[in-house]
Structure formats: C-alpha cells, structure tokens
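Down below is the structure, laid out as structure tokens.
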C-alpha cells in the first residue's frame, strides 16, 4: 500500500469544496471572483476553479455586472459543493436557484421603509367638513 506524505494531504485533509467569493481589485474598487475552493483555504488563496466574476459597483447605466459559468456551477453542485450565503443570494437573483429567504425579507423591509419615508414627507390632507371650495 502506498502512503502519501503529510505534505500532500496537509491542505486537503478534512473540509469540503465551497463555492464562494474571492476578493480582488484595489482600494475603493472591489472586484470578486466566484470560485470553487476547499473550505479550509484562505478567502483569497488558492482555488480549484474560477466560475465567474462580479463587479459590485454600478456602471454608467446603474447596473452591477456579474458573469457566471452556469455549466461549471452545475458540475460543482453535482459533485457536492456547498454554497456560501452571498454566493447563494447572487445565484438566486440570477435565476439559477430559488431566491434566498433573506433576499425577499430584505426587499420587503426596504419597501416598508421607503413607504414610511414617503408618507412622512407628504403634507397632511385636511378632510374636515366645510373646508371645500364651495361658494
């Protein structure tokens, strides 16, 4: 029986494959790579494969650009890879997976907050009788 040295197994002993974001870019200009990596690796460390990219800052048209390799995503998910929460939210917004529950909850909270702010900005309407424009 062949025994592998501890150096070969050091980085891969235990853990599993995770699909997550790896931070790139520079100061005040973040850029994320969507990668399949071992769970025990550093966030920006070595990864098995790059599956896409995300530019979180809006462009001139107010859009945040994301590129995904859906075929390879299916492959890694079929192999048993886990998704990080931010990656799961992004894939839900892209239509690849069902929406993450916190995405829906966050949208509802934002909608309520905007409605309350709009109601607070409107002047009160006087609905008492006899204040109409009757001559």
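Residue numbers (this note's numbering): 86 to 220. Ideal placement from N, C-alpha and C gives every residue a C-beta, glycine not left out. Quick caveat: nothing in here was measured; it's all calculated off a predicted structure.
DSSP three-state assignment for residue i, whether helix, strand or coil
{"i": "residue 207", "result": "coil"}
{"i": "residue 183", "result": "coil"}
{"i": "residue 171", "result": "helix"}
{"i": "residue 201", "result": "helix"}
{"i": "residue 142", "result": "coil"}
{"i": "residue 177", "result": "helix"}
{"i": "residue 165", "result": "coil"}
{"i": "residue 126", "result": "coil"}
Close Cβ partners of residue i (< 6 Å) along its chain, the five nearest in sequence each way excluded
{"i": "residue 293", "result": "Residue 293 is absent from the structure shown; the chain starts at 86 and stops at 220."}
{"i": "residue 184", "result": "177"}
{"i": "residue 180", "result": "none"}
8 Å Cβ cutoff met for residue i and residue j
{"i": "residue 123", "j": "residue 100", "result": "yes"}
{"i": "residue 172", "j": "residue 106", "result": "yes"}
{"i": "residue 108", "j": "residue 129", "result": "yes"}
{"i": "residue 174", "j": "residue 190", "result": "no"}
Own chain, CB closer than 8 Å to residue i, minus 5 neighbours either side, in chain order
{"i": "residue 164", "result": "102"}
{"i": "residue 41", "result": "Because the chain is modelled from 86 through 220, residue 41 falls outside the range shown and cannot be assessed."}
{"i": "residue 149", "result": "139, 140, 141, 142 and 143"}
Beta carbon proximity, residue i to chain B, threshold 8 Å
{"i": "residue 159", "result": "No chain B appears in the structure shown, which is made up of a single protein chain."}
Residue(s) in a DSSP beta bridge with residue i
{"i": "residue 189", "result": "In DSSP, residue 189 forms no bridge with anything."}
{"i": "residue 153", "result": "137"}
{"i": "residue 105", "result": "120"}
{"i": "residue 110", "result": "115"}
Cβ shell of residue i (< 7 Å), same chain only, five flanking positions each side left out
{"i": "residue 121", "result": "102, 104, 132, 133, 134, 136, 161 and 166"}
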